[in-house]
Amino acid sequence: MWLSTDAISPRRHQNVLTAKYTARESQAHDNALGPARIMGAAGLRMTLAWQVARTLFRLGFAAALAVFGGRMIEGGTFVVQALAGALGALVLAGCTGLIADRAAARTETELADGLRARLQAALADMAPHRLRTRPAGALIAGLQRHPDALAGLVIGLTAARTMMGIGPLLAALAVAIVSWEAALTLLLAIPVMGLFFALLGGVVRSRAATQEKNFGRLAAQFADRIRTLPTILANHALPCEHDKLETRMTAYADSTMEVLRVAFLNAGIIDFFSALSIAVLAVFLGLGHLGLVHVPGFYGLQLWQSLFILIIAADFFTPFRRYAEQYHLKAEGEAAAKELDWYFVAPGHDAMPFTFEGLDTFSVAELPTTGLIAISGPSGAGKSTLLRMLAGIEPPSSGITTLPQISSLGCDWISTEIYVPSGTLAEAIGWNRNTPARAALQRAAEQVGLLDETLLPGGLDATIAEGGANLSGGQRMRIGIARILLSSGAVFADEPTAKLDAETAALVRGVLSESARQRLVLVATHDERLIETADRHYVLRPPRSKEPVAA
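According to this note's numbering, the sequence shown is numbered sequentially starting from -6.
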């Protein structure tokens, strides 16, 4: 992974920053998955013990029922002991199955609650600047959804995967007592089903990742719209925002159905192969009883033995069917674990979606002390991440040693998630600014159009709710822009004109351009007009996927 830059270009000349990145590989010591497995280990062992007991009782039921049916059909003998054994084994299998399911549900609930407690503790100890890098809606969604998904992966799916190895083995051993050839026939179906699990696994993972991304976007957008609801209503923009939320909800619903569709397809394939395998066994056993085919292991058997093989064959495929029905939990749980890693990563070792190496060429020595530098690129290319790294908000992951020197010079960070204290507009603008004079606050607010804001009446004495709950994203952004007029440090602005109307965006562009005469101003933006006014422009691009090489 690397990031390279050409020499700093003159005004309006475009350089290209080419970033190659890869997703961080999941490891056994992951910050969320590893502790979750440790916390759920005891409950998982108990669940598996009861599930193994259920399997053994089901095998006993199959044996007793086969003996009873075979003796009844062949000799007309009513074997009371066999019937009683079958009924007793069936009752015990049902009871142990109920206990196993309740144990799994209880363990998943306890594990999810334990994970939420750890998340709350991690959030309480987290630095405010790091906490503000994520939308409130995404944080709430993480606390509500991700622990349950991870618990399902660690307990439910792990138990199903383990039983997929134990259950068929026990069933094959039971069949081998009667006919090892029939047991071998059953075992031959395992590689075929494993192949389909592997083929569909990548599809399920990609669908689940899309589902989690759509859910996070929906939660973040919903929280933002609730916070800015007074502004939306005052501007009669409710139908427009309703359409946007409906689009997000539709995308999330569609991605959820895609995950379930693949999961059901997987289960259908397992049912097809299990039915086909049982049908093949039934045909060979029937032909053997009729004396039409003399296949070793399928000829010369008593009727109860053939019935036993067929009944056990159904149980042989049951663990595969259960695992297939829950297979989508694997992708959902892994996606949730990746999201939860962010809460537990120690400062200085952030688990970012990608890393930059070779960025020492883009060092403080090459950056001017004044001027407007714009960083653009497609969504997801890493503009905001790069800007946070340059500002010192996020530590670099590897290969970067010069970036922290920029933030040591003193800087202002501007985004829609900046901290806004409760109180008045004057206090919000002057926050952390050594009590500036009211005249200076007046000029700063006026330059960004906050004094003319009809939705925030009262001028500098306008009331700001706790956390800026009554502010829109554009108002929060302008408060951040106003703050830079009361300081002299470098400015790092993430999409400073994204949530503004054309007139207010022009005011902000003017403030940034004017500020760039005395200091360094770096912006991550899609705004073409802001890019045109920049002294230097960099384009951040994700790598192109490599085409497969023909053989």
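All C-beta atoms in this analysis are idealised placements derived from N, C-alpha and C, irrespective of residue type, glycine included.
Query raised in the report: Which stretch, first to last residue, makes up the beta strand (DSSP E) that contains A527?
Result: What you label residue 527 is simply residue 534 of the sequence shown in a count that begins at 1. Counting along the chain, A527 falls outside any beta strand (DSSP E), and DSSP gives it neither H nor E.
Report task. Give every residue of the same chain whose Cβ lies closer than 7 Å to the Cβ of G370, excluding the five residues on either side of it in the sequence, and list them in chain order. Result -> For the purposes of this step, residue 370 is identified with residue 377 of the sequence shown, where counting begins at 1. Excluding positions up to five away in sequence, the list reads K376, V532, L533 and R534.
Query - N425 classed as buried or exposed, judged by whether at least 16 other C-beta atoms fall within 10 angstroms - result: Working through the sequence shown from its first residue, we reach residue 425 at position 432. N425 is exposed by the Cβ-count criterion.
Query - DSSP state of W173 mapped onto helix, strand, coil - result: By one-based count along the sequence shown, residue 173 stands at place 180. W173: helix per DSSP, three-state reduction.
Report task. Enumerate in chain order the residues of its own chain whose CB-to-CB distance from H519 is below 6 Å, with the five nearest sequence positions on each side excluded. Result -> Along the sequence shown, read from residue 1 onward, the residue named residue 519 stands at position 526. Within the same chain, H519 has no close Cβ partners at all.
Query raised in the report: What separation, rounded to the nearest whole angstrom, lies between the Cα atoms of L402 and R431?
Result: Along the sequence shown, one-based indexing puts residue 402 at 409. Along the sequence shown, one-based indexing puts residue 431 at 438. Any answer about L402 is weak, because its pLDDT of 47 lies below 50 and its placement is not dependable; what the coordinates show is given next. L402 and R431 have their C-alpha atoms some 27 Å from each other.
Query raised in the report: Going by other Cβ atoms of all chains shown within 10 Å of its Cβ, with 16 needed for buried, is G281 buried or exposed?
Result: To locate residue 281, count along the sequence shown from 1; it is residue 288. Under this definition G281 is a buried residue.
Query raised in the report: Looking at C-alpha atoms only, which residue of N207, T363 and L523 is the closest neighbour of S481?
Result: As a first step, residue 481 must be located in the sequence shown, where it is residue number 488. Of the candidates N207, T363 and L523, the one whose C-alpha sits nearest the C-alpha of S481 is T363.
Query raised in the report: Sorry if obvious, but does the Cβ on T240 come closer than 7 Å to a heavy atom of the ligand FMN?
Result: As for the ligand FMN, it is missing from this structure, which has no ligand bound.
Report task. Just confirm the distance between the C-beta atoms of I457 and G416, as a whole number of angstroms; I'd bet it's less than 8 Å. Result -> Sequence index remark: in the sequence shown, residue 457 carries index 464 (1-based). Sequence index remark: in the sequence shown, residue 416 carries index 423 (1-based). Right, the Cβ-Cβ distance comes to about 6 Å (below 8 Å), so this counts as a contact.
Requested in this report: Measure the alpha-carbon distance for D528 versus R510 and round it to whole angstroms.
Outcome: Mapped onto the sequence shown, residue 528 falls at position 535. Mapped onto the sequence shown, residue 510 falls at position 517. Cα to Cα, the separation comes out at about 10 Å.
Report task. Could you check if D343 is buried or exposed, using at least 16 other CB atoms within 10 Å of its CB as the buried criterion? Result -> Taking the sequence shown and counting its residues from 1, one reaches residue 343 at position 350. Note that D343 has pLDDT 39, beneath the 50 cutoff, so the model's placement of it is unreliable and no number is given.
Query raised in the report: Measuring CB to CB, does L464 end up less than 8 Å from L434?
Result: Reading the sequence shown from its first residue, position 471 is the one you call residue 464. Reading the sequence shown from its first residue, position 441 is the one you call residue 434. No; because the gap between Cβ atoms is not below 8 Å, this pair is not in contact.
Requested in this report: Could you work out which residue in L143, A75 and A437 is closest to L322 when comparing CA atoms only?
Outcome: For the purposes of this step, residue 322 is taken as residue 329 along the sequence shown, with counting starting at 1. Nearest option by C-alpha distance: L143.
Query raised in the report: Going by C-alpha distance, which of L41, F313, A499 and D141 is nearest G261?
Result: Along the sequence shown, one-based indexing puts residue 261 at 268. When only C-alpha atoms are compared, the closest one is F313.
Report task. Pick out the complete beta strand (DSSP E) segments inside the region 457 to 503, 3 residues or longer, and give them in chain order. Result -> 483 to 487
Query raised in the report: Who are the Cβ neighbours of L478 in its own chain at under 6 Å, not counting the five residues just before and after it?
Result: Walking along the sequence shown from the start, residue 478 turns up at place 485. Cβ neighbours of L478 beyond the five flanking positions: A437.
Requested in this report: Measure the Cβ-Cβ separation of L180 and A165 and say whether it is below 8 Å.
Outcome: Residue numbering aside, residue 180 sits at position 187 when the sequence shown is read from its first letter. Residue numbering aside, residue 165 sits at position 172 when the sequence shown is read from its first letter. Contact check for L180 against A165 passes: the beta carbons are separated by less than 8 Å.
Requested in this report: Could you tell me how far apart the beta carbons of F309 and P161 are, in whole angstroms, since I believe they sit closer than 8 Å?
Outcome: Taking the sequence shown and counting its residues from 1, one reaches residue 309 at position 316. Taking the sequence shown and counting its residues from 1, one reaches residue 161 at position 168. F309 to P161, Cβ: 5 Å. Contact.
Query - Inter-residue Cα distance where the pair is A55 and M119 - result: Here residue 55 refers to the residue found at position 62 of the sequence shown. Here residue 119 refers to the residue found at position 126 of the sequence shown. About 57 Å.
Query raised in the report: Among C233, K237, L85 and L211, which one has its Cα closest to the Cα of Y245?
Result: The sequence position of residue 245 within the sequence shown is 252, counting from 1. The option with the nearest alpha carbon to Y245 is L211.
Query - Cβ contact (3+ pairs, closer than 8 Å) linking the region 275 to 295 and the region 228 to 242 - result: no
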